[in-house]
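Just so you know, full-length UniProt numbering puts 835 at position 835 of the sequence shown, and the rest follows in order with no gaps. The C-beta atom is built at its ideal place from N, Cα and C for all residues, glycine as well. As structure tokens, the structure follows; a few thoughts come after it.
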Amino acid sequence: MHGCCLLGAAAAAQNSREVILLDSKAQQTELEWISSPSTGWEEISGLDENYTPIRTYQVCQVMESNQNNWLRTNWIEKGDAQRIFVELKFTLRDCNSLPGVVGTCKETFNLYYQETDAEVGRNIRESQYVKIDTIAADESFTQGDLGERKMKLNTELRIIGPLSRRGFYLAFQDVGACIALVSVKVYYKKCWSIIENLATFPDTVTGSEFSSLVEVEGTCVSDAEEEADNSPKMHCSAEGEWLVPIGKCICKAGFHQKGDACEPCGRGFYKSSSQDLQCSRCPAHSYNDREGSWRCDCEDGYYRALSDPPAVTCTRPPSAPQNLVYNINQTTVSLEWSSPADNGGRNDVTYRIMCRRCGWEPEECLPCGGNVGYLPAQSGLVDAYVTITDLLAHANYTFEVEAVNGVSDLSRTQRLFASVSIATSQAAPSQVSELIKEKVQQRSVQLSWQEPEQPNGVITEYEIKYYEKDQKDRIYSTVKSKSTSATVNNLKPSTAYVFQIRAFTAAGYGTFGPRLEVTTKEEPSGTASTEQNPVIIIAVVAVAGTIILVFMVFVSAPSISPSVTHGSPRPWIKFPGTKTYIDPETYEDPNRAVHQFAKELDASCIKIERVIGAGEFGEVCSGRLKLPGKRDVPVAIKTLKVGYTEKQRRDFLCEASIMGQFDHPNVVHLEGVVTRGKPVMIVIEYMENGSLDAFLRKHDGQFTVIQLVGMLRGIAAGMRYLSDMGYVHRDLAARNILVNSNLVCKVSDFGLSRVIDDDPEAVYTTTGGKIPVRWTATEAIQYRKFTSSSDVWSYGIVMWEVMSYGERPYWDMSNQDVIKAIEEGYRLPAPMDCPPGLHQLMLDCWQKDRADRPKFDQIVGILDKMIRNPNTLKTPLGTCTRPISPLLDQNTPDFATFRSVGDWLEAIKMERYNDNFTATGYSSLESVARMTIEDVMSLGITLVGHQKKIMSSIQTMRAQMLHLHGTGVQV
1 MHGCCLLGAA AAAQNSREVI LLDSKAQQTE LEWISSPSTG WEEISGLDEN YTPIRTYQVC
61 QVMESNQNNW LRTNWIEKGD AQRIFVELKF TLRDCNSLPG VVGTCKETFN LYYQETDAEV
121 GRNIRESQYV KIDTIAADES FTQGDLGERK MKLNTELRII GPLSRRGFYL AFQDVGACIA
181 LVSVKVYYKK CWSIIENLAT FPDTVTGSEF SSLVEVEGTC VSDAEEEADN SPKMHCSAEG
241 EWLVPIGKCI CKAGFHQKGD ACEPCGRGFY KSSSQDLQCS RCPAHSYNDR EGSWRCDCED
301 GYYRALSDPP AVTCTRPPSA PQNLVYNINQ TTVSLEWSSP ADNGGRNDVT YRIMCRRCGW
361 EPEECLPCGG NVGYLPAQSG LVDAYVTITD LLAHANYTFE VEAVNGVSDL SRTQRLFASV
421 SIATSQAAPS QVSELIKEKV QQRSVQLSWQ EPEQPNGVIT EYEIKYYEKD QKDRIYSTVK
481 SKSTSATVNN LKPSTAYVFQ IRAFTAAGYG TFGPRLEVTT KEEPSGTAST EQNPVIIIAV
541 VAVAGTIILV FMVFVSAPSI SPSVTHGSPR PWIKFPGTKT YIDPETYEDP NRAVHQFAKE
601 LDASCIKIER VIGAGEFGEV CSGRLKLPGK RDVPVAIKTL KVGYTEKQRR DFLCEASIMG
661 QFDHPNVVHL EGVVTRGKPV MIVIEYMENG SLDAFLRKHD GQFTVIQLVG MLRGIAAGMR
721 YLSDMGYVHR DLAARNILVN SNLVCKVSDF GLSRVIDDDP EAVYTTTGGK IPVRWTATEA
781 IQYRKFTSSS DVWSYGIVMW EVMSYGERPY WDMSNQDVIK AIEEGYRLPA PMDCPPGLHQ
841 LMLDCWQKDR ADRPKFDQIV GILDKMIRNP NTLKTPLGTC TRPISPLLDQ NTPDFATFRS
901 VGDWLEAIKM ERYNDNFTAT GYSSLESVAR MTIEDVMSLG ITLVGHQKKI MSSIQTMRAQ
961 MLHLHGTGVQ V
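What follows is the structure, encoded as structure tokens:
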């Protein structure tokens, strides 16, 4: 669709953003434009304001009436442009300075254009041209001015678009003026190619609309790559400016940023990751002899472990442990040593033990095998000691202790270790391999076993230890036997026991063998012990004590007086220390308020993904917030535009100082702020479905009454929380309620310092600022008395908005009409299909005396009852049983006084549909009262707002008829 936008000369774009399609001043030869008729516009040579020779077109047919002189440019190919700027410079003769031309002289001319895909010939067909504007002069000249060469030059700028064809013509229509076209300049705007965040953004033609932003993908410069999940984007504005950079490129490994390019790291330097900002010098004992390296190679004899990052110094294996000493006790050896003199430059030194059993000749040494034990371990030792057990008696052993680190296994040099040779003496017996239960009674267990495989001498006795399996303290008892069997007595019936056994020789006791678990038999019934389990007794006593303590707390609770808020007792106890709202304006330093109530975020944790709107202070974007140790969450990001004043910054962050004090599921949550970087940002939770009014209009009629009441309950709960904190919202409206993907409604937009609506009718200006009249209580409009009670009034309007699916309160009435009607007692009627109980709650919220309005606590309770009992939300089909309150009787039209359908339509300002009702036979108010929404639509009334307004009035008509006559009106 074609259109034009009027701009003054001061709005011309900077030349650096213009692409010239036509500039008549730049052409020295004849322009040869088409003039029709040929006696009209005339091409002549002239001088511009700087006395430079130019080609101009003039016309001055002021003596004859009914002039229609056309001038058309040559065909102009527009390229990729959709929005074209036309700059005209011209002079115009004052008609008063021309004698005898009264009635024929004009001081304006018309500007037209025609879109085509190619040149269309020299004939001018006026019907094919679209008018852009009538051009008038700001200044005109007289004959005396020309004599003094005082050129009073006018400059006008017009915009045409969006254009869809390959090119266009411009045409100028003179209807009787004395005018000279000094220059015609045609151009469009583009964002010129730039490099931002190491990404190249190409020349980009601006969008077709004044407010459009063209999103452009950037291409990383050479040797750069996109940051993970953060591809570079920019937005080209309608004025040819690049805005809102999102994402970036970073130099690859081996390259670092210098200006707008990535340069390779020099010799002796490296960069291991694209995440590193700068190249680093090669670590100690490493080198490289090439540019663009991502790591440095280790010198000979030095190594880097596979797990070592490139920034780690190259290291060597450690030297051998020092001062190895040993202690031998029969067949057990203890070794101790000191740390190596050189740990190779690493801190991960551990030790491992090599054991060999040797004959009388060195070449007869063999590995010790798996029967030898190492305490705490054979390898990976952190401490410099080890105990080696289960060696053979009277045998020769050699032990080697080696220090190792992370590069020891990479080294090709000879291993370094400390060693010692030892001969064992007499050994204790080895373990008894198996303990066998022979016979189990109620109070005894008979056991047997085999002699150990390695007695290492004469076994003189065996020792059996045992304990109750479930016994907490594991008190051991022992039984000794000189044979390979034994009976353990004095046990408890039905009890699990654990048994172990070891052998004894002249060299001492061996180690205990594997555990054997045995459960004694039960005693016959009737003989069981009546002894109580002490654990159960303790548990019973503990539970009883807890019950008594809780009972004492509840008994003493009535001594605490419940607090009263706004004259209404709360249903819970309000203890001292309840959080109270603090006005940020009370802080001498506003920055202190921001940092006290809002969390400072690191800008690197925030990823902006796309622009979703524009606010008073800057762009509004959506993105992700990823805090350390937490999953990333979707967020909305408000940014402060570049070039802000300190006052704008303070006003911008004031909302964060307010939001940061709130924590409630029905109040929008503040994630934090960014004040120590640019841009300054406020980060809040992301509400997927946007503002409530727009959401309801988009889904008109798609929700059940219970769902709508659930939304209202959430809003009321949020306002109850804010009221309890002592916060007065002052701008509660459906546009300031946000909805998430689960249809949870949350209160937002704190503070009236911002522009409330694009519609100037949305607010009423007083000496104290702007007030949203349609949502504001009478005392707040008249006396600027804002309280929680005035918020309740606003909540009643929000109820009406929700039940009418985003209808505009008071429809097309002006603000002054709304104020006058409310003062006279008028209140909004029930929306279509609104349950009577809900409308009555709205009327209660709109009581003139604020003391008579319900508190938010009571509103939540009423809505909860409705939700628990859905029958209260049903509207009987065919009748309207809504009770008529005295207030409503005073403020709605009295249908008994109307003489005709036309009178009724005029009263509700719908008289335009009088013929529609008459033509279809609705000639009486009784027949109108029986109409349904389908009947209204069948009359050809297509505007949804008008349908709702008429049906709302019909419902009120039914109610009054029911009230006056005591009979229902059947539908």
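Classification of Ala-341 by the beta-carbon crowding that lies within 10 angstroms, buried from 16 upward: exposed
Contact belief for Trp-70 with Ser-36 at Cβ below 8 Å, rounded distance in angstroms: 5 Å
Where Arg-412 sits in the DSSP three-state scheme: coil
Option nearest Leu-181 by Cα separation, candidates Thr-155, Thr-200, Lys-190 and Leu-163: Thr-155
Touch test, the segment 786 to 800 against the segment 832 to 848, Cβ-Cβ under 8 Å, three pairs minimum: The segment 786 to 800, when compared against the segment 832 to 848, does touch it at the 8 Å Cβ threshold.
Inter-residue Cα distance where the pair is Gly-259 and Val-221: 11 Å
Residue span of the beta strand (DSSP E) that contains Val-382, given as start and end: Per DSSP, Val-382 belongs to no beta strand (DSSP E) and is neither H nor E.
Residue closest to Met-725, alpha-carbon to alpha-carbon, out of Val-102, Thr-413, Asp-583 and Gln-82: Asp-583
Contacting residues, own chain, Cβ-Cβ under 6 Å from Leu-516 (five flanking each side not counted): Leu-435 and Phe-499
Nearest to Ile-606 (by Cα), restricted to the options Pro-590, Leu-627 and Glu-588: Leu-627
N- and C-terminal bounds of the alpha helix (DSSP H) containing Lys-641: Element bounds for Lys-641: n/a, residue is neither H nor E.
Contacting residues, own chain, Cβ-Cβ under 8 Å from Gly-365 (five flanking each side not counted): One point to set straight first is that residue 365 is Cys, not Gly, in the sequence displayed. Excluding residues within five positions, the ones whose Cβ falls inside 8 Å are Arg-356, Arg-357, Cys-358, Gly-359 and Thr-398.
Pairwise C-alpha distance: Cys-95 and Asp-138: Taken atom to atom, the span from the alpha-carbon of Asp-138 to that of Cys-95 is near 14 Å.
Rounded C-alpha distance that separates Thr-332 from Val-404: 25 Å
Ile-781 - containing alpha helix (DSSP H), residue span: Per DSSP, Ile-781 belongs to the alpha helix (DSSP H) from 778 to 783.
Counted within 10 angstroms of its Cβ, other Cβ atoms place Ser-923 as buried (16 or more) or exposed: exposed
Close beta carbons around Asn-197, own chain, < 7 Å, minus the five adjacent residues each side: Shown here for Asn-197: same chain residues with a beta carbon closer than 7 Å to its own, the five before and five after excluded, namely Pro-232, Pro-245, Lys-248 and Cys-249 in chain order.
Contacts around Tyr-326, its chain only, beta-carbon distance under 8 Å, and the 5 residues preceding and following it disregarded: Val-333, Ser-334, Leu-335, Glu-336, Phe-399, Val-420 and Ile-422
Assigned exposure category for Asn-666 - 16 Cβ within 10 Å defines buried: buried
Glu-49 beta carbon less than 8 Å from that of Leu-170: no
Pairwise C-alpha distance: Val-86 and Glu-18: 12 Å
Leu-640 versus Gln-648, Pro-514 and Met-931, residue with shortest Cα-Cα distance: Gln-648
Cβ-Cβ distance between Ile-459 and Glu-453 below 8 Å: no
Closest by C-alpha distance to Gln-61, when choosing among Glu-227, Asp-23, Val-101 and Pro-679: Val-101
Element boundaries [beta strand (DSSP E), containing His-235]: 233 to 236
Run of the beta strand (DSSP E) containing Lys-131, from where it starts to where it stops: 130 to 136
Own chain residues within Cβ distance below 6 Å of Leu-243, not counting five before or after: His-235 and Ser-237
Endpoints, alpha helix (DSSP H) assigned at Asp-651: Per DSSP, the continuous alpha helix (DSSP H) segment holding Asp-651 begins and ends at 646 to 659.
For Tyr-509: DSSP bridge partner residues: Note: Tyr-509 sits in a beta bridge opposite Phe-504.
Spatial neighbours of Val-382 in its chain, beta-carbon cut-off 7 Å, leaving aside the 5 residues before and after: Excluding five sequence positions before and after Val-382, the CB atoms of its chain that fall closer than 7 Å to its own CB belong to Thr-350, given in chain order.
First through last residue of the alpha helix (DSSP H) which encompasses Arg-697: Unbroken alpha helix (DSSP H) run through Arg-697: 692 to 698.
Straight-line gap, Arg-624 to Glu-609 (C-alpha atoms, nearest Å): 8 Å
The segment 806 to 815 touching the segment 742 to 750, judged by at least three CB pairs closer than 8 Å: no
Residue burial classification, Glu-30 (beta-carbon count within 10 angstroms, cutoff 16): exposed
Residue closest to Phe-662, alpha-carbon to alpha-carbon, out of Leu-708, Gly-677 and Thr-580: Ranked by how close their Cα comes to the Cα of Phe-662, the residues Leu-708, Gly-677 and Thr-580 have Thr-580 in first place.
Closest by C-alpha distance to Pro-376, when choosing among Arg-165, Ala-395, Ile-353 and Asp-409: Ile-353
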